[in-house]
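Residue numbers (the numbering used here): -5 to 54.
As structure tokens, this is what we get:
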């Protein structure tokens, strides 16, 4: 349970931090081969942030 809570904390960092943060968290998701709709959604969001190099809605 604590590991899962910690993981979703990492996802939050990936979604709100730098594009590099998003890339790192996306790599972690890929490494653990997470499944399910929720994981797929967040992996797609992280990948989009990496591609657009955005931080909190702004270009960096």
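Where is the CB? At the ideal position from N, CA and C, for every residue including glycine.
Here the structure is a predicted model, which is why all the values come from computation and not from measurement.
- Between residue 32 and residue 23, the CB-CB gap reaches or exceeds 7 Å.
- Contact check for residue 41 against residue 13 fails: the beta carbons are separated by 7 Å or more.
- Residue environment for residue -3: exposed (fewer than 16 other C-beta atoms within 10 angstroms of its C-beta).
- Between residue 16 and residue 43, the CB-CB gap stays under 7 Å.
- The three-state reading of DSSP puts residue 28 in coil, since its state is none of H, G, I, E or B.
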